[in-house]
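The block underneath contains the structure these notes are about, expressed in structure tokens.
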Amino acid sequence: VISWTTMISGYAQNGYDNEALKLFWEMLQAGVKPSSNTIAGVLRACTDLKDLQQGKAIHAYVLRRVLESSVFVGSALVDMYAKCGSVSDALLVFDQIPQKNVVTWNSIIRGYTLRGLVADALKLFAQMQLKGMKPDAFTWSIMITGLAENGQVEEALEFFSQMQVEGIKPSIISWTALIAGYARNGQGNEALKLFNQMQLAGEKPNLVSIATVLPACASLAALEQGKQIHGYSIRNGFQSDVVAGSALVDMYAKCGSIKYACQVFDKMLEKNLVTWNSMITGYAIHGNGKGAISLFHDMVQEGIKPDSITFTGILSACSHSGLMDEGWQYFDIMSQEYGITPNLTHYACMVDILGRCGYLDEAWDFIENMPLEPN
RNA sequence: CACAUAAAAUUACG
């Protein structure tokens with residue numbers, strides 16, 4: 009049992025979720041009875057895959073075998089249902105767990121915040137304390153994230169302060185959650201301030217912190233701050249990371265330095281869709297339509313499939329450099345060749361292209377005939 | 001240390 013469980017958990021922890029699932033069913037066929045630890049491990053694989061079907065199958069197995077009830081399995085089930093989009097099932101399981109621990113509570117609260125149900129999350133947060141369960145750093149971070157994603161940054165800050173009053177030291181994750189909240193809500197200055205405070209508090213920024221503050225620099229066009237963070241990334245070996253690299257490309261482009269953006273982009277060993285989109289959007293910002301289109305061809309050549317954001321970049325680039333024909337062409341191929349249905353932003357880009365090229369009547373016609381409700 | 005929970009990059013015009 010231990011060998012199987014070790015293998016299954018190892019797979020699940022390292023992103024080999026399908027292998028974990030396969031191994032679990034093989035284990036059953038081999039006649040080995042899984043322990044609750046095995047179940048918890050394989051449930052994690054379902055959660056990562058967002059595979060509700062598999063998750064339910066394993067839940068059913070647990071019920072059939074009347075496994076000794078483990079809070080680990082219970083929490084893993086709550087988490088699985090919550091992350092696979094079924095809060096109601098998560099709550100059903102949650103209510104039936106006799107000995108809830110802090111992980112159980114955290115899992116259900118996260119389920120609610122994931123769906124934007126912050127008011128319900130707040131209720132549960134109060135409820136757990138009424139039941140004598142003390143929130144841990146995870147709980148506080150979940151609440152901070154949930155509030156910030158809901159636009160309630162001030163409340164998120166209050167939670168951040170309150171956790172310290174309650175004697176819980178904010179982890180780097182609590183800090184990053186709050187910083188992300190400010191960055192996303194257009195308060196780049198606050199985000200940068202907190203980033204500095206975090207370091208004064210003794211937390212060393214990691215990859216995620218870097219990826220979180222760079223957009224704050226970008227939104228402020230704070231090139232000097234961005235460069236410092238770039239330097240920090242190099243010193244700490246983050247520069248080869250695809251997420252940090254993409255964030256740097258974006259930051260430099262938005263700070264007005266397309267040159268540095270290209271330099272970082274060219275040096276990156278691994279590029280993904282976001283990397284390409286960042287560079288294409290960078291060219292768009294700089295009014296280099298031809299450059300954006302040329303990058304588009306490169307990315308397709310490299311086997312990266314463009315998405316709707318790629319086309320937003322291309323169309324915006326066309327609008328900023330007066331490329332009306334190309335604009336039409338990409339607007340057409342995005343659905344015809346790539347199966348991407350244009351959204352409101354794409355339509356807005358087309359109106360912008362037509363308008364800037366002086367085709368106001370055509371722009372007006374275009375709005376009147378578009379299949380979406382113009383905003 | 002065979003087990004479950006928290007943070008991250010790209011998205012029009014202005």
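Sequential numbering of the first sequence, starting at 9, is according to our numbering.
Beta carbons are placed, not taken as given, at the ideal position from N, Cα and C, and that holds for glycine.
TODO: Leaving out five residues on either side along the sequence, give the residues of the same chain with a beta carbon under 6 Å from the beta carbon of residue 276.
DONE: Once the five neighbours on either side are set aside, the close Cβ partners of residue 276 are 253.
TODO: Report, in whole angstroms, the separation of the C-beta atoms of residue 126 and residue 154, which I expect to be a contact under 8 Å.
DONE: Contact holds; Cβ gap of about 5 Å.
TODO: Below 6 Å CB to CB, which residues in the same chain sit around residue 136 once its five sequence neighbours on both sides are set aside?
DONE: Apart from sequence neighbours up to five positions away, the residues of its chain that approach residue 136 with a beta-carbon distance below 6 Å are 113, ordered along the chain.
Open item on the list: Quick check: does the Cβ of residue 21 come within less than 7 Å of any heavy atom belonging to the ligand COA?
Closed with: Ligands displayed in this structure: none; no statement on the ligand COA is therefore possible.
Open item on the list: Within the continuous alpha helix (DSSP H) that includes residue 354, where are the two ends?
Closed with: It spans 352-364 - the alpha helix (DSSP H) in which residue 354 sits, taken as one unbroken run.
- [ ] My understanding is that residue 167 touches residue 183, with C-beta atoms under 8 Å, so please give their C-beta distance in whole angstroms.
- [x] Between the beta-carbon of residue 167 and that of residue 183 there is about 13 Å, and that puts the pair past the 8 Å contact cut.
TODO: Going by CA-CA distance only, name the one from 313, 328 and 316 that's closest to residue 290.
DONE: Closest option to residue 290, judged by alpha-carbon separation, among 313, 328 and 316: 328.
- [ ] Label residue 349 either buried or exposed according to how many other C-beta atoms from any shown protein chain fall within 10 Å of its C-beta, with 16 as the threshold for buried.
- [x] Counting Cβ neighbours within 10 Å, residue 349 comes out exposed, since fewer than 16 surround it.
Task: residue 62 to residue 73 span [Cα, whole Å] - done: Per the coordinates, the alpha-carbon of residue 62 lies some 16 Å from the alpha-carbon of residue 73.
- [ ] Pull up the distance between the alpha-carbon of residue 345 and that of residue 336, whole angstroms please.
- [x] One Cα belongs to residue 345, the other to residue 336, and the distance between them is close to 14 Å.
Open item on the list: Quick check: what's the CA-CA separation for residue 44 versus residue 78?
Closed with: Rounded to whole angstroms, residue 44 to residue 78 spans 6 Å at the Cα level.
TODO: Please go through the same chain and pick out, in chain order, the residues whose beta-carbon is closer than 6 Å to the beta-carbon of residue 84, but skip the five residues on each side of it.
DONE: The residues are 48 and 51.
- [ ] Go through the region 118-206 residue by residue and report every complete run of the beta strand (DSSP E) that reaches 3 residues or more, in order.
- [x] If we require 3 residues or more, the region 118-206 turns out to have no beta strand (DSSP E) run fully inside it.
Open item on the list: Am I right that residue 229 and residue 191 are in contact with their C-beta atoms under 8 Å? What's the rounded C-beta distance?
Closed with: Actually they do not touch by this definition, with Cβ atoms about 14 Å apart.
Task: Which listed residue (185, 212, 240 and 248) has its alpha carbon closest to that of residue 220 - done: Relative to the Cα of residue 220, the nearest Cα in the group 185, 212, 240 and 248 belongs to 185.
Open item on the list: When you compare the CB positions of residue 217 and residue 180, do they come within less than 8 Å of one another, or not?
Closed with: Their beta carbons are under 8 Å apart, which means residue 217 touches residue 180 by this criterion.
Task: Within 8 Å, strictly: CB atoms of residue 53 and residue 29 - done: Yes, Cβ-Cβ distance for residue 53 and residue 29 is below 8 Å.
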